[in-house]
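Trainee: These protein sequence lines map, in sequence, to chains A and B. If you read the first sequence in my numbering, its first letter stands for residue 1, the second for the next number, and so on. If you read the second sequence in my numbering, its first letter stands for residue 1001, the second for the next number, and so on. Every residue, glycine too, gets a C-beta built ideally from N, C-alpha and C.
Number of protein chains: 2
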Amino acid sequence: MASRISNLFGIKYPIIQGGMIWCSGWELASAVSNAGGLGLIGAGSMSPEILQEQIKKTKAATNLPFGVNVPLLYPHTEEIMKIIIAEKVKVVFTSAGNPKTWTKTLQDNGIKVAHVVSNSKFAIKAEQADVDAIVAEGFEAGGHNGREETTTLTLIPDVRLQTTKPLIAAGGIATGKAMLASMVLGADAVQIGSRFVASKESSAHDNFKNAITQTTEGGTYLAFKKLVPVRLIKNDFCNQVITKEIEGADKEQLSELLGRGRAKLGMYDGDLQNGELEIGQIASIIDNVKSASDIINDIILEFKVAQQQITHTRFEV
Amino acid sequence: MASRISNLFGIKYPIIQGGMIWCSGWELASAVSNAGGLGLIGAGSMSPEILQEQIKKTKAATNLPFGVNVPLLYPHTEEIMKIIIAEKVKVVFTSAGNPKTWTKTLQDNGIKVAHVVSNSKFAIKAEQADVDAIVAEGFEAGGHNGREETTTLTLIPDVRLQTTKPLIAAGGIATGKAMLASMVLGADAVQIGSRFVASKESSAHDNFKNAITQTTEGGTYLAFKKLVPVRLIKNDFCNQVITKEIEGADKEQLSELLGRGRAKLGMYDGDLQNGELEIGQIASIIDNVKSASDIINDIILEFKVAQQQITHTRFEV
Chain A
1 MASRISNLFG IKYPIIQGGM IWCSGWELAS AVSNAGGLGL IGAGSMSPEI LQEQIKKTKA
61 ATNLPFGVNV PLLYPHTEEI MKIIIAEKVK VVFTSAGNPK TWTKTLQDNG IKVAHVVSNS
121 KFAIKAEQAD VDAIVAEGFE AGGHNGREET TTLTLIPDVR LQTTKPLIAA GGIATGKAML
181 ASMVLGADAV QIGSRFVASK ESSAHDNFKN AITQTTEGGT YLAFKKLVPV RLIKNDFCNQ
241 VITKEIEGAD KEQLSELLGR GRAKLGMYDG DLQNGELEIG QIASIIDNVK SASDIINDII
301 LEFKVAQQQI THTRFEV
Chain B
1001 MASRISNLFG IKYPIIQGGM IWCSGWELAS AVSNAGGLGL IGAGSMSPEI LQEQIKKTKA
1061 ATNLPFGVNV PLLYPHTEEI MKIIIAEKVK VVFTSAGNPK TWTKTLQDNG IKVAHVVSNS
1121 KFAIKAEQAD VDAIVAEGFE AGGHNGREET TTLTLIPDVR LQTTKPLIAA GGIATGKAML
1181 ASMVLGADAV QIGSRFVASK ESSAHDNFKN AITQTTEGGT YLAFKKLVPV RLIKNDFCNQ
1241 VITKEIEGAD KEQLSELLGR GRAKLGMYDG DLQNGELEIG QIASIIDNVK SASDIINDII
1301 LEFKVAQQQI THTRFEV
C-alpha cells in the first residue's frame, strides 16, 4: 500500500515533510530526505532568487529525492516553476490554485506532481488534472485550511472514494500511530508539518519552536475565516483576532488587523506576542525539539510497534 | 485492548451506539444490544415518564446489557436518575455537566458510568470523578460539540496521555476502518452516532434519514458557537444561522432565531427546511439506511479485513 508513494518519489519511508512557509528551507528538506522521507522546500515565503539558492543548497546536502511546495496563488509562480525545471527538481507539491495550470508542464519535464486539497471536490479536480498524487489535508492542520472544515478522519475516506490516485493524508499526524491510523483509513503515505516545525533543522525561530512544545490541547484557533482561514497558536495577536471576529468584524477590518508580514514576524523573527504562529492542533502532543532524523526514526519505530500490537488484538469476548 | 470495554459492559463488540436526542429510543437501543454492541437510550429528548416507558420496552426487547445517555444539564436529572436506578439499568453515559455529581451514586447502585468529554481538561475531571470509562468526542461529531474544536485524530492521543481509564473514541466513526484507526490511536472502543441515526430502528423521521444519505462532504456546519455549538446539516434553517453569524449576531439574536423545538421539528417531525438536523461530518459517506445489526456486522467485517490488510502491509522499499 504505502509503496505506491515510496516508489513514486523514490523514497524509503512514505513520510512527506510539509513545505511550510518560514520553516522549510534547505536544512530541513535535506535532513528529511537523508533520513528516508521526502523533504520539501516551502517556496511560499521565498523570492525566486532565495528559492534557487535553497534548491542549490539542498542538492549539495543530499543525493536523495526532495521537492518544492509551491502555492499557486504566489505572485512569481511562473518564475518559480522555471527555476524548479532548470534546477531539475524531481518533485513539486502544488496547493491553493488550479492543478490543471502547471501539472502537465511539470510532468513533461520529468517532475512528479502532488496537489494538496481540503475537500472532495478539489480531489476530483486534481484527479482530472492527472496529478501523480493527492494530499488530503484536514481541519486540524496548521497554516491555511479548507472552508468545509472537514477533519482528516472524515476527509481521507471521502477522498479515497473519489480517486484511485496515490493518497497522502495530512493534518493531525505527528506520530507513528497516527501514520498507521491514516493508512488504515486508506492513505498511502502521510504529510507531516507541525512535528517538523519543532525540529532542529527547521528555520523557525527558537521562540516559535519552544511555543509549540508549550501548546496544549485547545491551544490553537482557526482564524480569518472571512479572509483565508489559517490555524494559529492562541497568542496575544490571535486573541485580538478572536475578539474582533466575535464582534462580527468584516473583511476590511480583519485585513487591517492582519496587516503585512505577521507570519514572518511570529514564525521567523520569533515575536510571540504580535506574530502569526501557524501550527496544527497536534502541537498539543509535541513536547520537544529534536532532529529530523530522530523524528522519522521514532515515527517508524512507533508505527512498527503499533502495527504489531494491532495484529495481535482480539476484540471479541 | 478492546476487551477492556467489552468486559466492562458485558458486550460482544466494543461498539457503543450514541444516545442521541430524537433518534435513540427502545427500538434502536435493543437492536444494537441484540447485535452485540451497547445500545443507549437518549434521555435528552425524553420526559421522565417517556424514559421509564422506553427503558421497560428495551428490557422487554433484549436480555443483553443496554444503557441510558443523560445530559447532566437536563432539568429533570434527579428524577431521571431515580428511574434509572429503580429500573436497574446497568450502564449510564453522562455528558454536558460535572461528572462528580452523579458518578458515585450510580456506581453505588451497581451501574457502570461513562462520561463524555470534548477536551483533555474534562477528561482529567472525569478521571478524578473515577468514572468507569471516558468517551472522547471530536469536532467532526454531530450534535453538541466542544469549543476547543479538537478533532478525533488529535483528541484521542491527547486524552490517552491524560488517563489510564478505558477510552471510547467518538466523532467521525461510521466504518470498520475508522474503528480500527481509533484503536490504533489508543481507544479501547468506539461510540457511533450518525451511522445509527440512518438505521431502520432509529426513531428519526424518514425525511431526516434520507437527508443523511444525501449529505456530501462539506454538507454540515458547526452552528451556534455563541450559544451551545451544534453540528447541523446545511439546510434552509442552518443557512439562515450562517448568514446571521457572519453578520456578528449576538446571543440574544441567535436565541431568537433558534426559538424552541427546532431539533424535534427537523429530526423527529421531518421538516427539512425549518428544523435542526444534527449530524456528524461522516454523514458524507453514509449512503443507505439499514438495520442496526447489518450496521454492526458490516463494521466488524470491515474491521477484520482492515486488520488483516494492515498486518500484511510492507511500507519500506
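#1: Would you tell me roughly how many angstroms separate the C-alpha atoms of Met81 of chain A and Lys244 of chain A, rounded to the nearest one?
#2: For Leu1167 of chain B, which of helix, strand or coil comes out of DSSP?
#3: Taking a Cβ distance cut-off of 9 Å, strictly less, list which residues of the stretch 127-147 of chain A are near chain B, in chain order.
#4: Tell me, to the nearest whole angstrom, how far the beta carbon of Ile192 of chain A is from that of Gln17 of chain A; I am working on the premise that it is less than 8 Å.
#5: Tell me Phe66 of chain A's beta-bridge partners as DSSP assigns them.
#6: So Arg231 of chain A is in the beta strand (DSSP E); what residue range does that whole segment cover?
#7: Who does Ala1114 of chain B pair with in a DSSP beta bridge?
#8: Can you tell me whether Asn1288 of chain B is buried or exposed, with buried defined as 16 or more other CB within 10 angstroms of its CB?
#9: Output the distance between the C-alpha atoms of Asn1274 of chain B and Gly1248 of chain B, rounded to the nearest integer angstrom.
#10: Can you find a CB in chain B that lies within less than 8 Å of the CB of Asp158 of chain A?
#11: Using 8 Å as the threshold, is the stretch 1042-1050 of chain B in touch with the stretch 1063-1074 of chain B, meaning 3 or more CB pairs across them?
#12: Distance, Cα to Cα, Asp1269 of chain B vs Gly1176 of chain B?
#13: Taking the beta strand (DSSP E) that Ala1189 of chain B falls in, what are its first and last residues?
#14: Check whether the stretch 233-244 of chain A and the stretch 167-185 of chain A touch, using three or more Cβ-Cβ pairs below 8 Å as the test.
#15: What number of angstroms, rounded off, separates the C-alpha of Glu980 of chain B from the C-alpha of Leu180 of chain A?
#16: If you compare alpha carbons, which of A:Thr163, A:Ala306, A:Ser203, A:Pro229 is closest to Asp130 of chain A?
#17: Name the chain A residues that come within less than 8 Å of Gln1307 of chain B, Cβ to Cβ?
#18: Using a Cβ-Cβ cut-off of 8 Å, state whether Glu53 of chain A counts as contacting chain B.
#19: Is there at least one Cβ from chain B nearer than 8 Å to Val184 of chain A's Cβ?
#20: Indicate whether Leu1038 of chain B and Ile1011 of chain B have their beta-carbon atoms separated by less than 8 Å.
#21: Measuring CA to CA, which of A:Glu217, A:Leu257, A:Ala211, A:Lys209 is closest to Ala223 of chain A?
#22: When DSSP labels each residue in this structure, what does Glu252 of chain A get in the three-state scheme?
#23: So, does the CB of Gln281 of chain A fall closer than 8 Å to a CB anywhere in chain B?
#24: From the DSSP output, in three-state form, read off Ser1199 of chain B for me.
#25: Is the CB of Gly248 of chain A under 8 Å away from at least one CB in chain B?
#26: Give me the subset of the stretch 257-288 of chain A whose CB atoms are less than 7 Å from a CB atom of chain B, sorted by chain position.
#27: Considering just the uninterrupted stretch of the beta strand (DSSP E) at Thr1220 of chain B, what are its terminal residues?
#28: Residues of chain B with CB closer than 8 Å to the CB of Gly161 of chain A, please, in chain order.
#29: Which residues mark the beginning and the end of the beta strand (DSSP E) in which Gln128 of chain A is found?
#30: For a test of the three-state rule: what should DSSP assign to Ile1279 of chain B, helix, strand or coil?
#31: Which chain B residues sit within Cβ distance under 8 Å of Lys290 of chain A?
#32: Within its chain, find whatever has a CB closer than 8 Å to the CB of Ile1124 of chain B; leave out the 5 residues flanking it on each side and keep chain order.
#33: Could you name the residues of the same chain whose beta carbon sits closer than 7 Å to that of Ala1126 of chain B, not counting the 5 residues immediately before and after it, in chain order?
Mentor: This is what the structure gives:
#1: By one-based count along the first sequence, residue 81 of chain A stands at place 81. By one-based count along the first sequence, residue 244 of chain A stands at place 244. Looking at the two C-alpha atoms, the distance is approximately 38 Å.
#2: Along the second sequence, read from residue 1 onward, the residue named residue 1167 of chain B stands at position 167. The answer is strand: DSSP assigns Leu1167 of chain B an E or B state.
#3: Gly138, Phe139, Glu140, Gly146, Arg147
#4: Working through the first sequence from its first residue, we reach residue 192 of chain A at position 192. Working through the first sequence from its first residue, we reach residue 17 of chain A at position 17. About 6 Å separates the two Cβ atoms, so the contact holds.
#5: Position 66 of the first sequence, counting from 1, holds the residue named residue 66 of chain A. Phe66 of chain A pairs with A:Gly39.
#6: Walking along the first sequence from the start, residue 231 of chain A turns up at place 231. Note, Arg231 of chain A: beta strand (DSSP E), 230-233.
#7: The count along the second sequence starts at 1 and reaches residue 1114 of chain B at position 114. Looking at the DSSP assignment, Ala1114 of chain B forms a beta bridge with B:Phe1093, B:Ala1133.
#8: Within the second sequence, the letter at position 288 stands for residue 1288 of chain B. Result: exposed.
#9: Here residue 1274 of chain B refers to the residue found at position 274 of the second sequence. Here residue 1248 of chain B refers to the residue found at position 248 of the second sequence. So the alpha carbons of these two residues sit roughly 21 Å apart.
#10: Translated into the one-based positions of the first sequence, residue 158 of chain A becomes position 158. Yes, Asp158 of chain A lies at the interface with chain B (some Cβ there is under 8 Å from its Cβ).
#11: yes
#12: For the purposes of this step, residue 1269 of chain B is taken as the residue at position 269 of the second sequence. For the purposes of this step, residue 1176 of chain B is taken as the residue at position 176 of the second sequence. Each residue's alpha carbon lies about 31 Å from the other.
#13: Working through the second sequence from its first residue, we reach residue 1189 of chain B at position 189. Unbroken beta strand (DSSP E) run through Ala1189 of chain B: 1189-1192.
#14: no
#15: The displayed coordinates of chain B run from 1001 to 1317. Any statement about residue 980 of chain B would go beyond what the structure contains.
#16: Position 130 of the first sequence holds residue 130 of chain A. Taking only the C-alpha atoms, the option nearest Asp130 of chain A is A:Thr163.
#17: Within the second sequence, residue 1307 of chain B is the residue found at index 307, counting from 1. Within 8 Å Cβ-Cβ: Ile310, Thr311, Thr313.
#18: Here residue 53 of chain A is taken as the residue at index 53 of the first sequence, counted from 1. Judged by the 8 Å Cβ criterion, Glu53 of chain A is not in contact with chain B.
#19: By 1-based counting over the first sequence, the position of residue 184 of chain A is 184. Taking Cβ atoms only, chain B reaches closer than 8 Å to Val184 of chain A, which makes this a yes.
#20: Counting from 1 along the second sequence, the entry for residue 1038 of chain B is found at position 38. Counting from 1 along the second sequence, the entry for residue 1011 of chain B is found at position 11. With a cutoff of 8 Å on beta-carbon distance, Leu1038 of chain B and Ile1011 of chain B are scored as near each other.
#21: Along the first sequence, one-based indexing puts residue 223 of chain A at 223. The candidate whose alpha carbon is nearest that of Ala223 of chain A is A:Leu257.
#22: The residue labelled residue 252 of chain A in the question sits at position 252 within the first sequence. It is helical.
#23: Walking along the first sequence from the start, residue 281 of chain A turns up at place 281. It does; some Cβ of chain B falls within 8 Å.
#24: Counted from its first residue, the second sequence places residue 1199 of chain B at position 199. Secondary structure of Ser1199 of chain B (DSSP, three-state): strand.
#25: In the first sequence, residue 248 of chain A corresponds to position 248, counting from 1. Answer yes: the Cβ-Cβ gap between Gly248 of chain A and chain B drops below 8 Å somewhere.
#26: Gln281, Ile282, Ser284, Ile285
#27: Residue mapping note: residue 1220 of chain B aligns to position 220 of the second sequence, counting from 1. Segment 1220-1223, the beta strand (DSSP E) holding Thr1220 of chain B.
#28: Locating residue 161 of chain A in the first sequence gives position 161, counting from the first residue. For the sequence presented, residue 161 of chain A should be read as Leu rather than Gly. By Cβ distance, chain B contributes Ile1285.
#29: For the purposes of this step, residue 128 of chain A is identified with residue 128 of the first sequence, where counting begins at 1. Segment 120-128 is the alpha helix (DSSP H) holding Gln128 of chain A; no beta strand (DSSP E) there.
#30: Residue numbering aside, residue 1279 of chain B sits at position 279 when the second sequence is read from its first letter. Coil.
#31: As a working note, residue 290 of chain A is residue 290 in the first sequence. The premise fails here: Lys290 of chain A is roughly 18 Å from chain B at the closest Cβ pair, so nothing lies under 8 Å.
#32: Within the second sequence, residue 1124 of chain B is the residue found at index 124, counting from 1. Gln1162, Thr1163.
#33: Here residue 1126 of chain B refers to the residue found at position 126 of the second sequence. The answer, listed in chain order, is Pro1099, His1115, Val1117, Ile1134.
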